[in-house]
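**Q**
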Amino acid sequence: MNAVWASGLRKRYRKRTAVDGVSFSVARGEVLGLLGPNGAGKTTVIKMMLGLVRPDAGEVMLLGRPVGDPQARARVGYLPELFRYQPWLSAKEVLDLHVRLAGADVPEGERRDTLALVGLADRARDRVGGFSKGMQQRLGLAVALVARPEFVVLDEPTSALDPVGRADVRDILLSLKERGVAVLLNSHLIGEVERVCDRVVILDRGRVAASGTLAELLGGRELRLRLEKVTSEAEERLRRAGPVHRDGDLFTVVDLDVDVIPDLVADLVALGVRVHSVEPGRVSLEDRLLDILGSER
Amino acid sequence: MIVLTFAALTLREAARRKVLRALAVLTVVLLALSAWGFHTLVTKEFDGAQLTSGELRLIASQLLNLVMFGLSLIAALGTAFLAGPTVAGEVESGTALAILARPIRRSTVLTGKWLGLVAFGGGFIVLAGLAQFVIVYATTGYWPSDPVTGLALLAFQTAVLLTLGLLFSTLISPMASGVVAVGLFGATWIAGVVGGVGRGLGNDSVAAVGTVSQILLPTDGLWRSAMYAFQDPAALLGFGGPAVKGGFPFLSDTPITWAYLAWAVAWTALVLGLAALVLRRRDL
């Protein structure tokens, strides 16, 4: 069963179409990354998925129930992009409130552990009003995680965090993945998405521009070689391994099978080419994203 | 009981807001001024003689109504400005996002907030009203004819206004919803005074202004019935004239009727229901 299944979501705000026919799903235990430029409709999609915004068309099933049923949200944890919690409550009271609202039975010790997980163990009794933005975002993360969710939605979870905080979030995401909790992650930090996500959906101007596993989106490997004395035969040999781009003495062979690299290097040496460096690599998600968004326009 | 969770949360929020401190200061100032005024009334000689007990009861009735109007105005201002931020403010700030993503209905949140605000407004009216009664009793020996009904009606008036404030709060910005609610409260009161003058003068079309406004927004109708419960009926009978027919803004000739009470209850339920409907359809 899917954690979320959304089909044909559409939303207009006055004359502007924010979301136009978006369909996607997140399987149980899967981490899905939602990428796209500002104004692509990512947050609107998330809000429609949680019943916070009414779609003009389309359907959402959340943990097996239609999203209109409040019980669909019983095992969902959500950190909004615009995170703010009752400033007159303490961090502990905010967590207690959310446990009660979720109807979950979470013992005191586990609530403390959740605060400790996000690095707020020693601020549990402090008022949220005195928290920095980063600390409020950490609290938001604890709120999203405290009621034993089966599906966690994180909308820009690291926007207010320092590099240490970002690394903490990455560890939390990996531990959720290990525990089989489904996650939907909207983030501008592509490195973060690339490291933790199983699949990625790229939105652009309210539509799905591309989607798939990282391997599907990024394609095969590439090989960067710094070469000297390249003859036409040597170039021909490179082309047999895969499409070649040349920039001075830097040759990039894309979409090649990594197993052919040793033979390719041996053949180039035999053809008299001087090989300075050989770097196998992968197309970065960032390059691929820019590529996809560029071809859309 | 999620409704009670939100009622308690709203009460806690209200208790921490600066509005509460402003309310407390205004109330203390009003009570102190009234204590001074009532004391002066009893001891001062008019035309070389102190007031007779009948005159004193009549004047005490009017002055008590005047001070209670002050208290009801403070309660109206306070709750309207508390009701405004409670929905609109939370939607604007983003606080509502995390809350409403929980497995709860929006109408549950709204009802809880409403209950909390009613408890707050009602509690204020009862406490401040009783303090005022004690002050009047200690200085003049006057005790209202039906204090329980009077305070209950005044608390109901506050509930009516905050329900309207809550409806506006689901539609417009926090500050605007408070301002519009208080503005309408004031306009209805003035329409009630105009209607009273119409009745005093026997002009039916002017009197209708008050009646229609009291139907549209029941705050003024409830306020006039509350005044009736505070004042001394015997003293009023001796006075007579247009003032008793409604021509004087701080005396009332209309006790509460069951029909009007039923209308006020229905009005409150309707407006709260409408607020729930608007909030349910609202994109966050």
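Protein chains in written order, with this note's numbering: chain A, 452 to 748; chain B, 3 to 286. Beta carbons are placed, not taken as given, at the ideal position from N, Cα and C, and that holds for glycine. No experiment lies behind these values; they were computed from the predicted model shown.
Residues of chain A with a CB under 8 Å from the CB of Thr7 (chain B): which are they?
**A** Position 5 of the second sequence, counting from 1, holds the residue named residue 7 (chain B). By Cβ distance, chain A contributes Leu548, Arg551 and Leu552.
**Q** By Cβ distance, which residues of its chain are closer than 7 Å to Ser458 (chain A), with the 5 residues on each side in sequence left out?
**A** In the first sequence, residue 458 (chain A) corresponds to position 7, counting from 1. Correct list, in chain order: Ser474, Gly509 and Glu510.
**Q** With a threshold of 9 Å between beta-carbons, can Arg23 (chain B) be considered close to chain A, or not?
**A** Indexing the second sequence from 1 puts residue 23 (chain B) at position 21. No, its Cβ sits nowhere closer than 9 Å to a Cβ of chain A.
**Q** Under 7 Å Cβ to Cβ from Ala82 (chain B), same chain only, skipping five residues before and after it: list those, please.
**A** Taking the first residue of the second sequence as position 1, residue 82 (chain B) is located at position 80. Counting only Cβ-Cβ distances below 7 Å, and skipping sequence neighbours, we find Leu163, Leu164, Gly167, Gly180, Ala183 and Val184.
**Q** In three-state DSSP terms, what is Leu514 (chain A)?
**A** Position 63 of the first sequence holds residue 514 (chain A). Coil, per DSSP.
**Q** My understanding is that Arg18 (chain B) touches Trp539 (chain A), with C-beta atoms under 8 Å, so please give their C-beta distance in whole angstroms.
**A** Mapped onto the second sequence, residue 18 (chain B) falls at position 16. Mapped onto the first sequence, residue 539 (chain A) falls at position 88. Contact flag correct, Cβ pair sits at about 4 Å.
**Q** Given that a residue counts as buried once 16 or more other Cβ atoms are within 10 Å of its Cβ, and exposed if not, what is Gly519 (chain A)?
**A** Numbered from 1 along the first sequence, position 68 holds the residue referred to as residue 519 (chain A). By the neighbour-count rule (16 or more Cβ atoms within 10 Å), Gly519 (chain A) is not buried but exposed.
**Q** So, Val647 (chain A) versus Leu635 (chain A), is the Cβ gap smaller than 9 Å?
**A** Along the first sequence, one-based indexing puts residue 647 (chain A) at 196. Along the first sequence, one-based indexing puts residue 635 (chain A) at 184. No.
**Q** Are the C-beta of Gly96 (chain B) and some C-beta of chain A separated by less than 9 Å?
**A** The residue labelled residue 96 (chain B) in the question sits at position 94 within the second sequence. For Gly96 (chain B), the answer is yes, since a Cβ of chain A falls inside 9 Å of its Cβ.
**Q** Find the residues of chain B that neighbour Lys466 (chain A), judging by a C-beta separation of less than 7 Å, and give them in chain order.
**A** Taking the first sequence and counting its residues from 1, one reaches residue 466 (chain A) at position 15. Those do not exist, as Lys466 (chain A) stays about 16 Å from chain B at its closest Cβ, beyond 7 Å.
**Q** Going along the stretch 517-533 of chain A in order, which residues come within less than 9 Å of chain B, judged by CB to CB distance?
**A** Answer in chain order: Asp520, Pro521, Gln522, Ala523, Arg524, Ala525, Arg526, Val527, Gly528, Tyr529, Leu530, Pro531, Glu532 and Leu533.
**Q** Run the CB neighbour count on Leu35 (chain B), radius 10 Å, all protein chains shown included, and call it buried at 16 or more, exposed below.
**A** For the purposes of this step, residue 35 (chain B) is taken as the residue at position 33 of the second sequence. Answer is exposed; the Cβ neighbour count stays below 16.
**Q** If I follow the unbroken beta strand (DSSP E) through Thr468 (chain A), where does it start and stop?
**A** As a working note, residue 468 (chain A) is residue 17 in the first sequence. It spans Arg467 to Ala478 - the beta strand (DSSP E) in which Thr468 (chain A) sits, taken as one unbroken run.
**Q** Can you tell me which of B:Ala277, B:Trp265 and B:Ala100 puts its alpha carbon nearest to the alpha carbon of Val214 (chain B)?
**A** The sequence position of residue 214 (chain B) within the second sequence is 212, counting from 1. Closest by alpha carbon: B:Trp265.
**Q** Could you check whether Leu156 (chain B) and Leu224 (chain B) sit closer than 9 Å to each other, using their CB atoms as the reference points?
**A** Residue mapping note: residue 224 (chain B) aligns to position 222 of the second sequence, counting from 1. Residue mapping note: residue 156 (chain B) aligns to position 154 of the second sequence, counting from 1. For Leu224 (chain B) and Leu156 (chain B), yes; Cβs fall inside 9 Å.
**Q** Quick one: residues in its chain with C-beta nearer than 7 Å to the C-beta of Thr221 (chain B), no 5 flanking neighbours on either side, listed in chain order?
**A** The sequence position of residue 221 (chain B) within the second sequence is 219, counting from 1. If we look at Thr221 (chain B) and ignore the five residues flanking it on each side, its Cβ neighbours are Gln159, Val162, Leu163, Phe187 and Thr190.
**Q** So Gly591 (chain A) contacts chain B; which residues on that side make the cut at Cβ distance below 8 Å?
**A** As a working note, residue 591 (chain A) is residue 140 in the first sequence. Chain B residues near Gly591 (chain A): Ala100.
**Q** Could you work out which residues of chain B lie near Lys628 (chain A), taking near to mean beta carbons separated by less than 9 Å?
**A** Translated into positions along the first sequence, residue 628 (chain A) becomes position 177. Neighbours of Lys628 (chain A) on chain B: none; closest Cβ ~21 Å, over 9 Å.
**Q** What would DSSP say about Val709 (chain A), mapped onto helix, strand or coil?
**A** For this step, residue 709 (chain A) is matched to residue 258 along the first sequence. Here Val709 (chain A) sits in helix by DSSP.
**Q** Classify Thr45 (chain B): buried if its beta carbon has 16 or more other beta carbons within 10 angstroms, exposed otherwise.
**A** Looking up residue 45 (chain B) in the second sequence gives position 43. Thr45 (chain B) comes out exposed.
**Q** Starting from Leu486 (chain A), trace the beta strand (DSSP E) both ways and give me its first and last residue.
**A** Position 35 of the first sequence, counting from 1, holds the residue named residue 486 (chain A). Element bounds for Leu486 (chain A): Val482 to Leu486.
**Q** Look at the Cβ atom of Ala32 (chain B), then the Cβ atom of Ile76 (chain B), and state whether they are nearer than 9 Å.
**A** On the second sequence, position 30 is the one that residue 32 (chain B) refers to. On the second sequence, position 74 is the one that residue 76 (chain B) refers to. Before going on, a small fix: residue 32 (chain B) reads as Leu here, not Ala. The answer is yes: Cβ separation under 9 Å.
**Q** In its own chain, which residues sit with a C-beta less than 8 Å from the C-beta of Leu43 (chain B), not counting the 5 before and 5 after it?
**A** Here residue 43 (chain B) is taken as the residue at index 41 of the second sequence, counted from 1. Once the five neighbours on either side are set aside, the close Cβ partners of Leu43 (chain B) are Leu53, Leu58, Ile61, Ala62, Leu65, Thr141 and Thr142.
**Q** In chain D, which residues lie with their C-beta within 8 Å of the C-beta of Leu501 (chain A)?
**A** Going by chain labels, chain D is absent from the structure shown, which instead holds the protein chains A and B.
**Q** Could you spell out where the beta strand (DSSP E) holding Glu822 (chain A) opens and where it closes?
**A** With chain A running from 452 to 748 in the structure shown, residue 822 (chain A) is simply not present.
**Q** Taking its Cβ as the centre, do 16 or more other Cβ atoms sit within 10 Å of Asn489 (chain A), making it buried, or is it exposed?
**A** Within the first sequence, numbered from 1, the residue matching residue 489 (chain A) stands at position 38. Asn489 (chain A) comes out exposed.
**Q** In chain order, what residues of the same chain lie with their CB nearer than 7 Å to the CB of Lys498 (chain A), ignoring the 5 residues before and after it?
**A** For this step, residue 498 (chain A) is matched to residue 47 along the first sequence. Excluding positions up to five away in sequence, the list reads Val504.
**Q** Where Ala78 (chain B) and Ser583 (chain A) are concerned, what is the direct C-alpha to C-alpha distance, given to the nearest angstrom?
**A** Here residue 78 (chain B) is taken as the residue at index 76 of the second sequence, counted from 1. Here residue 583 (chain A) is taken as the residue at index 132 of the first sequence, counted from 1. Rounded to the nearest angstrom, the two C-alpha atoms are 35 Å apart.
**Q** Does Gln588 (chain A) have its Cβ less than 9 Å from a Cβ in chain B?
**A** Within the first sequence, numbered from 1, the residue matching residue 588 (chain A) stands at position 137. No, its Cβ sits nowhere closer than 9 Å to a Cβ of chain B.
**Q** Against chain B, with Cβ distances strictly below 9 Å, would Trp539 (chain A) count as a contact?
**A** Start at 1 with the first residue of the first sequence, and residue 539 (chain A) comes out as number 88. Output row for Trp539 (chain A): interface = yes.
**Q** Is the distance from the Cβ of Ser662 (chain A) to the Cβ of Val652 (chain A) below 9 Å?
**A** Numbered from 1 along the first sequence, position 211 holds the residue referred to as residue 662 (chain A). Numbered from 1 along the first sequence, position 201 holds the residue referred to as residue 652 (chain A). Contact: yes.
**Q** For Leu6 (chain B), which residues of its own chain have a beta-carbon under 8 Å away from its beta-carbon, when the five flanking residues on both sides are left out?
**A** Along the second sequence, read from residue 1 onward, the residue named residue 6 (chain B) stands at position 4. Answer for Leu6 (chain B): Gly114 and Leu117, listed in chain order.
**Q** Roughly how far, in whole angstroms, is the beta-carbon of Leu669 (chain A) from the beta-carbon of Val734 (chain A), given that I think they are within contact range, below 8 Å?
**A** The residue labelled residue 669 (chain A) in the question sits at position 218 within the first sequence. The residue labelled residue 734 (chain A) in the question sits at position 283 within the first sequence. At roughly 5 Å, the Cβ-Cβ gap stays under 8 Å, so Leu669 (chain A) and Val734 (chain A) are in contact.
**Q** For Glu737 (chain A), which three-state DSSP category applies?
**A** Indexing the first sequence from 1 puts residue 737 (chain A) at position 286. Helix, per DSSP.
**Q** Would you say Glu15 (chain B) faces chain A, with C-beta separation under 9 Å as the test?
**A** Position 13 of the second sequence holds residue 15 (chain B). Yes, contact with chain A.
**Q** One question on the structure: do Gly657 (chain A) and Val455 (chain A) come within less than 9 Å of each other, judged by their Cβ atoms?
**A** Working through the first sequence from its first residue, we reach residue 657 (chain A) at position 206. Working through the first sequence from its first residue, we reach residue 455 (chain A) at position 4. Result no, Cβ atoms of Gly657 (chain A) and Val455 (chain A) do not sit closer than 9 Å.
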